[in-house]
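The numbering of the sequence shown is my numbering, which starts it at 90 and goes up by one.
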Amino acid sequence: MKFKIKLENGEEVEVQFCRNKYGTIYARRLPYTVKNPTPKQEEVRNKFAKASFDAFNKSREEMIENIKSAFADWESAPAEKRNEIMEEIRRLYPRDAEIIIKFLQLIF
Numbered sequence: 090m091k092f093k094i095k096l097e098n099g100e101e102v103e104v105q106f107c108r109n110k111y112g113t114i115y116a117r118r119l120p121y122t123v124k125n126p127t128p129k130q131e132e133v134r135n136k137f138a139k140a141s142f143d144a145f146n147k148s149r150e151e152m153i154e155n156i157k158s159a160f161a162d163w164e165s166a167p168a169e170k171r172n173e174i175m176e177e178i179r180r181l182y183p184r185d186a187e188i189i190i191k192f193l194q195l196i197f
């Protein structure tokens, strides 16, 4: 998924959260290009390019709304309650906890 974030210098950039083969989560700046793509990368890129971006954006907005409603008290919650929510996320989704927490921090 793509997100727009504001850097410390005030510049607004588009990023994508990714996971490397070791499980580390990082944000990569878009547009991202590979100089010499493998056939598999080329195939994935072509399939993605053919996807309906309107449908993609609509599903992304629906997902954001679902998460916002599920964590409606996140914005007004004290730090203690936020920590409880983050611990619950880490317990339920140990592999994806960091990206979910970063996502929550971005949308709220």
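Glycine included, every Cβ here is placed at the ideal spot set by N, Cα and C.
For proline 128 and isoleucine 178, the gap between their C-alpha atoms comes out near 36 Å. DSSP places alanine 186 in the helix class (H, G or I) of the three-state scheme. When DSSP states are grouped into helix, strand and coil, glutamate 132 belongs to the helix group. Just so you know, the alpha carbons of leucine 181 and glutamate 97 end up roughly 32 Å apart.
According to DSSP, residue pairing for glutamine 194 in a beta bridge does not occur.
Taken through DSSP and simplified to helix, strand or coil, lysine 170 comes out as helix.
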